[in-house]
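For what it's worth, the numbering used here labels the leading residue of the sequence shown as 7, then goes sequentially.
By construction, the Cβ of each residue, glycine as well, lies at the ideal position given by its N, Cα and C atoms.
Step one of this worksheet: look at the structure below.
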Amino acid sequence: MRTQIAIIGGGPAGLLLSHMLDLEGVDSIVVERKSKAYVLQRIRAGVLEAGTVDLLRQVGLGERMDREGHPHNGIGIDWQDRPRFLIDTNTFTGKSMMAYGQTAITEDLYAAREKAGGHIIDEADNVTLHDIASDAPYITFEKDGREQRIDCDYIAGCDGYHGVSRHAIPASVQQNFEKVYPFGWLGIMSETPPLPDIVYAYHERGFALASMRNPTLSRYYIQCDLDTKIEDWPDEVFWDELKARFPSEVAAQIVTGPSIEKSIAPLRSFVSEPMRYGRLMLAGDAAHIVPPTGAKGLNLAVSDVFYLSRALTEHYKHDRQTYLDGYSDMALRRVWGAERLSWWLTSLLHRFPDDTPFDLRTRQNQFDHLAASKVAQAALAEEYVGLPFED
Ligand code: APR
Ligand code: PHB
């Protein structure tokens, strides 16, 4: 097979890239390790920045999001017994966010690719990158027991944190930055009406989050120890702990019911530089991970894909290389902004096992400063709603 862009990974980054390139007449093939059914049932975060919402609309993916998504003017923070604080994006930036699950976005992307006759190869084993430093790169993989090969101009590594693409970059040029947090998030999905707002809660028992997918589907999380086992958290125990971490009047509003999904995710900050080597460009989780506090993961995948599709379009349609040459630096500037914000929010809102009395006081003061200072509120709102894409 031959295509212009071989895309490894059919998550949101790979599918969106393929979709946006197709709109500009650039040909691609997506090669995904898992089955379509598996990809479509994965549950991930669900808060879209204003820029993500605009971009999805611009590329024809806004219809269902606007029908089923839940616009938000801000995100609440409940802090022990303090009055609720709102990260008020609308007041400070004039922009709002959208609660719309990544699972739904992936469904929309798959539907759009299939409608346009897009080429997606799923259940591809042993994907391998070849000759990425040459002018004639290619990938090989096994499908139904047969080895196949795709020759291409460029390879887009959109295969997530556990993918192979990043590892094709020689160790001598690659630099990895990592921070691992000493806790995880235990999350549940339940077919119960959510709270009206998305709310983060800081509590001496640990962090908690109330979120939503639609008017009858709620998503909740609690901070947990890294050695936590799901079996130790039957639904009743989860609900009791969740409610204990919110102020009592909020806890009283939480509607409980059987969980339909329960999972534990560790928290990690990770960046791999550069995001381009030769004919390989990385995008999304393949190049960076943020802890979920701040909901930046999917939004960063979208901004990478925006920069990368523009770079490739400029290259193919106008023979301009500036964006392609600058892709890694431009994408990384935005990545590091989100890395810093999500690290900061994680540090602010969680209890750490080694917290000292000094840490507790400064954390408390940080929150009180936020609650009192319009300048601090504006800075947080600007970053939470998402910094603009660079021209
Ligand atoms: N070969 C082919 N495909 C692979 C390989 C491989 N060796 N390894 C992984 N993949 C596939 C995965 O099965 C997955 O479908 O690559 C895809 C990567 O998708 P995601 O992990 O969803 O990453 P990305 O598309 O960058 O989206 C980022 O996902 O983790 C969240 O917070 C993150 O919301 C953000 C979003
Ligand atoms: C979610 O809805 O899953 C969600 C919301 C906000 C976050 C993380 C996850 O910061």
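Here's the rule: buried if 16 or more other CB atoms are within 10 angstroms of the residue's CB, otherwise exposed. What is residue i?
i, result
"T299", "buried"
"V381", "exposed"
"G123", "exposed"
"A378", "exposed"
"G151", "exposed"
"T352", "buried"
"Y329", "buried"
"R172", "buried"
"P297", "buried"
"V186", "exposed"
"Y44", "exposed"
"R211", "exposed"
"G31", "exposed"
"Q86", "exposed"
"P143", "buried"
"A258", "exposed"
"G263", "exposed"
"E255", "exposed"
"H321", "buried"
"H375", "exposed"
"H78", "buried"
Hey, could you find the ends of the alpha helix (DSSP H) residue i is sitting in?
i, result
"I111", "Q108 to K121"
"A378", "P363 to A378"
"T328", "T328 to L355"
"W245", "D241 to A250"
"M26", "P18 to L29"
"V45", "K42 to Q47"
Expressed to the nearest angstrom, what Euclidean distance is found between the alpha-carbon atoms of residue i and residue j?
i, j, result
"K42", "G17", "10 Å"
"D141", "L318", "15 Å"
"D128", "I156", "14 Å"
"V59", "S24", "18 Å"
"G166", "K235", "25 Å"
"D233", "I270", "10 Å"
"A174", "I138", "8 Å"
"D238", "S265", "14 Å"
"W349", "W191", "15 Å"
"H324", "L29", "15 Å"
"I260", "C164", "37 Å"
"E267", "Q327", "46 Å"
"S306", "I81", "The sequence shown places Leu at residue 306, rather than the Ser named in the question. Their Cα atoms are separated by approximately 19 Å."
"S217", "D397", "33 Å"
"G290", "I111", "15 Å"
"A301", "I295", "11 Å"
"E345", "M7", "38 Å"
"I6", "H136", "Given a span of 7 to 397 for the chain in the structure shown, any question on residue 6 remains unanswerable."
"L215", "T362", "24 Å"
"D114", "D365", "44 Å"
"D241", "G193", "11 Å"
"P394", "E153", "43 Å"
Which whole-angstrom value is the C-beta distance of residue i and residue j, which I expect to be below 8 Å?
i, j, result
"R282", "I161", "Not quite, the Cβ-Cβ distance comes to about 10 Å (not below 8 Å), so this is no contact."
"G303", "A51", "6 Å"
"S315", "L54", "At roughly 18 Å, the Cβ-Cβ gap does not stay under 8 Å, so S315 and L54 are not in contact."
"V133", "R39", "7 Å"
"A105", "H76", "4 Å"
"L354", "R369", "6 Å"
"G20", "I11", "The Cβ separation is near 10 Å, so there is no contact."
"L273", "F183", "In fact, because the Cβ distance is near 15 Å, the residues do not count as touching under 8 Å."
"F213", "Q229", "4 Å"
Go to residue i, then tell me how far its beta strand (DSSP E) extends in each direction, as first and last residue.
i, result
"P4", "Past the edges of the chain, shown from 7 to 397, lies residue 4, and the structure says nothing about it."
"Y144", "Y144 to K149"
"V133", "D131 to H136"
"K268", "S265 to E279"
"L304", "Taken as a continuous stretch (DSSP letters only), L304 belongs to no beta strand (DSSP E), being part of the alpha helix (DSSP H) at G303 to H324."
"L92", "F91 to D94"
"G80", "G80 to W85"
Taking only beta-carbon atoms, is residue i less than 8 Å away from chain D?
i, result
"V296", "You won't find chain D in this structure, because it holds only one protein chain."
Contact between the segment 58-73 and the segment 114-127 (3+ Cβ pairs under 8 Å) = yes
Between the segment 93-111 and the segment 372-386, do at least 3 Cβ pairs fall closer than 8 Å?
-> yes
Just checking, does the segment 333-343 make contact with the segment 266-283 on the three C-beta pairs under 8 Å criterion?
-> yes
Spell out a yes or no on whether the segment 165-184 and the segment 205-221 are touching, meaning 3 or more CB-CB pairs, one atom from each, closer than 8 Å.
-> no
Is the segment 215-227 touching the segment 191-205 in the sense that three or more CB pairs, one from each, lie closer than 8 Å?
-> yes
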